[in-house]
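A.B. asks:
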Amino acid sequence: MGNLVVKTLSATSQNLGDMVTEFLPRLLAMLVIVAIGGVVAWILKIVVRRVLTLVKFNQLIETTGFTQLAARAALPTPSELLSRLIFWVVWVSFMLFGLNALGVAALEEEIGRFFLLLPQIFVAIIILVVGALAANFFGRSALLGAVNANYPSPRLLSSLVRFLIIALAIMMALERIGLGHGVVLIAFGAVMLALALAFGLGGRDAARRLLEKTLFEDRKEDGGDDDTISHL
Amino acid sequence: MAEETFLSDEFVRELGAVGEVDILVGIPTYNNRLTVERVVQAVQIGLVKYFPRERTVVINPDAGSRDGTPEIVKSASVQDFRSVLAANPLRTTHTLTTRVHPTRGEGGALRLILAAADLLRAKACTVISPESASITPEWIEAILRPIYRERYDFLAPVYQRHKFDALLVKNILSPLIHSTYGANLEEPAGTEFGFSGALACDLLAQDVWREDFMRYGWGVWMTTAALAGSYRSCQSFLGPKVHSGKQAEQNLAGAIQQVVGALFYSLEAHQNFWMSRTEPVALPLFGFKSELDLGPVRVNRKRLFEMFRTGVEELSTILSQILSAPVLQQIREVALGQENTCHFSDELWAKTIYEFAVSYHRAVMNRDHLLQALTPIYRGRVCSYLLENHGARVAELHKRLEVLHQQFERLKLDFIQNWSAKT
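Following this line, the structure appears as structure tokens:
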């Protein structure tokens, strides 16, 4: 009985040792690939950024309206965005090569599937970018509207609007790559709430005037507001 | 020629029936049943009294009133002129009412008035607000005589106002127009203007009618377009201006967005003009200007200051994209102080406005957002202005406003450099 246990243990440890000796070089190779990828991606990012600055890429692209769009959404300049995108594309590619070097069959299959998913991922990225732009725009609208209307906690309100829109974008992006079926309906509800908040703030005065006009018209004609200064 | 596409066939037919005119009066309306009758009657009496031999027409573009305003305009005729004048009119004043699209605001109505002036070959035109409760027939003479008889092309009004009226005009529009366009206009955003037929044709041809600020900021655009076009411009004293309830209700952020937006837009459109201006020119003033020290007004200054402080604090991220660090720091220091010692200096205010204009020019962010971010800072300036001028008489206030104009003038070179600098 004791011998059997010892034999089993030694066989297991032998197998584990073999696996480790077989796996470690691959893991090391993966880490090296990822590290090299990181360095290559970083160098490429710097080079691309310098080149884009030299060719005045930001000014060139200004005519397309993208610079303004990015500024409105509080995003970095187009050259910075492009260099960051290149960094991540190169590094993620190296990471995938590294994972491939591990030789794990299941992972290889997943990586293959990932490359098949690339077009969908591209669309998902666009959804995320548009979502980020919309979130920044409506978040800022809500913040300004709340501050000018003297609402309490304007930043909280703005963050809520921003969060809801980003959440919607993430869910839609996940849906696109097949990771979040059935979320569109919830997302729709979320975006409606966010829009209601944003537009509600913007239309607050119109709503107030409408209510006053329909409910208190006679009273309004008799009296005025507290402040009697005029700005125009 | 006018663009007939936005004029209805029926309206063009009605204009055809009127024929050529010497004088055109435009009264754009939207739910003004309470005040419009008096305004139309004052216009009619003014035309008969001061222009009895001229061919005249009153055009009323209505933005879809539901309170019967167009009907009141049509029926608001003076039955017996001899009760107010020595004689009955020699000619008939035509009154035409037509509908304009409500979403286009007053700018849509102005476009229609300009098109009608063009089609009728009017020599002198005026736009009169249907809310001008203090209008008298003399306003018609005061506005139209310099245009019709003295051959001026553009006339801006000067009103007798309470010292704390028109604060946006006094603190932003007037000094900025003075320093850039070189004209000492007191009311660049008034509700009454006079203009020649030639200027009407020029304005009509400009491609601005889809701009958002044209809804309510058309007065500023019209003023700057006339100045930049080197049209002969003048001012005329009309008398007391009583602001209607509608104007008092106006949303401040929206007003800033419209009128300051219109001015910043104009600065961009006319940069070749104002950058080359060196010395301000004093525009002639018609009429006998008189001042009146009226009683105090009710203002919740504490609330004004609180809104300024909260705005500066909450919008710090946005403001840091618009303003330079030193200017923002100085504004923060003002906001951190006490309401009863609030002091927003002329120099800081001029720098703030110039930096907002430059940021608008560079489109550092959505332009509507940028203009909205000015609202809390303007509240701070108003708070300081009210506090410092609490006991000041109108004459003293004029002197202080001159100092503000000089401050804007002094910083103009820096402004031009920043405006022209490559980002």
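Taken in sequence, the protein lines are chains W and C.
Position 135 (the first sequence) corresponds to 222 in the working numbering; numbering is contiguous.
Position 222 (the second sequence) corresponds to 271 in the working numbering; numbering is contiguous.
Note that CB positions come from ideal geometry on N, CA and C, so glycine has one too.
What residues in its chain sit with their C-beta under 7 Å from that of A254/C, if we drop five residues either side in the sequence?
C.D. replies: Cβ within range, chain order: n/a, list empty.
A.B. asks: Run through the DSSP bridge pairs and tell me what D111/C is partnered with.
C.D. replies: In DSSP, D111/C forms a bridge with T78/C, R148/C.
A.B. asks: Sort N81/C, R104/C, K98/C, G231/C by Cα distance to Y72/C and report the nearest one.
C.D. replies: What sits at residue 72/C in the sequence shown is Ile, not Tyr. Ranking N81/C, R104/C, K98/C, G231/C by Cα distance to I72/C puts R104/C first.
A.B. asks: Does any C-beta atom of chain W lie closer than 8 Å to the C-beta of Q93/C?
C.D. replies: No, Q93/C lies away from the interface with chain W (no Cβ there is under 8 Å from its Cβ).
A.B. asks: Do we get a CB-CB distance below 8 Å when we pair F224/W with the residues of chain C?
C.D. replies: Yes, because at least one Cβ of chain C sits closer than 8 Å to the Cβ of F224/W.
A.B. asks: Leaving out five residues before and five after G104/W in sequence, what residues of the same chain have Cβ atoms less than 7 Å from its Cβ?
C.D. replies: Excluding positions up to five away in sequence, the list is empty.
A.B. asks: Any idea if W398/C is buried or exposed, counting beta-carbon neighbours within 10 angstroms, 16 or more meaning buried?
C.D. replies: Label assigned to W398/C: buried.
A.B. asks: Taking beta-carbon pairs under 9 Å, can you tell me which members of the stretch 363-376 of chain C lie near chain W?
C.D. replies: Answer in chain order: E363, L364, T366, I367, Q370.
A.B. asks: Please work out which residues of its chain come closer than 7 Å, Cβ to Cβ, to E298/C, disregarding the five sequence neighbours upstream and downstream, and give them in chain order.
C.D. replies: With a pLDDT of 44 at E298/C, under the threshold of 50, the modelled position of this residue cannot be trusted; read the value that follows with caution. So no residue of the chain qualifies.
A.B. asks: Tell me whether the stretch 436-447 of chain C and the stretch 373-384 of chain C touch, counting them as touching only if at least three CB pairs, one residue from each stretch, are closer than 8 Å.
C.D. replies: Cβ pair count under 8 Å is below three, so no.
A.B. asks: Please name the residue in V309/C, F244/C, E340/C, F337/C whose C-alpha comes closest to that of I162/C.
C.D. replies: Taking only the C-alpha atoms, the option nearest I162/C is F244/C.
A.B. asks: Whose CA, out of Y238/W, N223/W, R242/W, lies closest to the CA of I252/W?
C.D. replies: The option with the nearest alpha carbon to I252/W is N223/W.
A.B. asks: Looking at the unbroken beta strand (DSSP E) that takes in L316/C, where does it start and where does it end?
C.D. replies: Careful: L316/C lies outside any beta strand (DSSP E), inside the alpha helix (DSSP H) at 301-318.
A.B. asks: Please go through the same chain and pick out, in chain order, the residues whose beta-carbon is closer than 6 Å to the beta-carbon of V89/C, but skip the five residues on each side of it.
C.D. replies: V122, A125.
A.B. asks: Can you pull the chain C neighbours of R227/W, defined as C-beta to C-beta under 8 Å?
C.D. replies: Going along chain C in sequence order, the residues near R227/W (Cβ under 8 Å) are I367, M414, N415, H418.
A.B. asks: May I ask you to list, following chain order, the residues of the stretch 93-127 of chain W that have a beta carbon less than 9 Å from some beta carbon of chain C?
C.D. replies: Flagged: no residues at all.
A.B. asks: Give me the DSSP bridge partner(s) of C432/C.
C.D. replies: DSSP lists no partner for C432/C.
A.B. asks: In terms of DSSP beta bridges, what is P206/C paired with?
C.D. replies: The partner list for P206/C (beta bridge, DSSP) reads S285/C.
A.B. asks: Within 10 angstroms of the Cβ of L91/W, are there 16 or more other Cβ atoms? Answer buried if so, exposed if not.
C.D. replies: Classification of L91/W: exposed, given that the 10 Å Cβ count is below 16.
A.B. asks: Of the choices R347/C, R82/C, H143/C, L204/C, whose alpha-carbon is the least far from that of Q93/C?
C.D. replies: Minimum Cα distance to Q93/C is reached at H143/C.
A.B. asks: Along chain W, in chain order, which residues have C-beta atoms closer than 9 Å to that of T359/C?
C.D. replies: Under the 9 Å cutoff, chain W gives V234, N237, P241.
A.B. asks: How long is the line joining the alpha carbons of A191/C and E437/C, rounded to whole angstroms?
C.D. replies: Rounded to the nearest angstrom, the two C-alpha atoms are 34 Å apart.
A.B. asks: Below 8 Å, can you find three or more Cβ-Cβ pairs linking the stretch 365-375 of chain C to the stretch 401-416 of chain C?
C.D. replies: Flag = yes, the stretch 365-375 of chain C and the stretch 401-416 of chain C touch.
A.B. asks: Give me the chain D residues within the contact set of L247/W, using Cβ-Cβ distance strictly less than 7 Å, ordered along the chain.
C.D. replies: The displayed structure is made up of protein chains W and C, and chain D is not among them.
A.B. asks: Below 7 Å on C-beta distance, what does T424/C contact in chain W?
C.D. replies: Under the 7 Å cutoff, chain W gives N235.
A.B. asks: What does L31/W reach in chain C if we use C-beta pairs closer than 8 Å?
C.D. replies: With chain W covering only 88 through 319, there is no way to say anything about residue 31/W.
A.B. asks: Look up I162/C in the DSSP assignment and say whether it is helix, strand or coil.
C.D. replies: I162/C: helix per DSSP, three-state reduction.
A.B. asks: Can you check which of these residues, S282/C, N415/C, F464/C, V107/C, is closest to S178/C by C-alpha distance?
C.D. replies: Of the candidates S282/C, N415/C, F464/C, V107/C, the one whose C-alpha sits nearest the C-alpha of S178/C is V107/C.
A.B. asks: For L301/C, which residues in chain W fall below 7 Å Cβ to Cβ?
C.D. replies: Those are H318, listed as they occur along chain W.
A.B. asks: Can you tell me whether W267/C is buried or exposed? The criterion is at least 16 other CB atoms within 10 Å of its CB, across all chains shown.
C.D. replies: W267/C comes out buried.
A.B. asks: Does the stretch 389-403 of chain C come close enough to the stretch 455-464 of chain C to have 3 or more Cβ pairs within less than 8 Å?
C.D. replies: Yes: at least three Cβ pairs fall under 8 Å.
A.B. asks: For a contact defined as C-beta to C-beta under 7 Å, what are the partners of M356/C on chain W?
C.D. replies: Result: N237.
A.B. asks: Taking 8 Å as the threshold (beta carbon to beta carbon), is A470/C in contact with chain W?
C.D. replies: Taking Cβ atoms only, chain W never reaches closer than 8 Å to A470/C, which makes this a no.
A.B. asks: Determine the burial state of H318/W: buried for a count of at least 16 other Cβ atoms within 10 Å of its Cβ, exposed for fewer.
C.D. replies: Result: buried.
A.B. asks: Would you kindly report the start and end of the unbroken beta strand (DSSP E) that includes V97/C?
C.D. replies: No beta strand (DSSP E) contains V97/C, which is instead part of the alpha helix (DSSP H) from 85-99.
A.B. asks: What residue range does the beta strand (DSSP E) around T175/C cover?
C.D. replies: Run containing T175/C: 173-176, per the beta strand (DSSP E) assignment.
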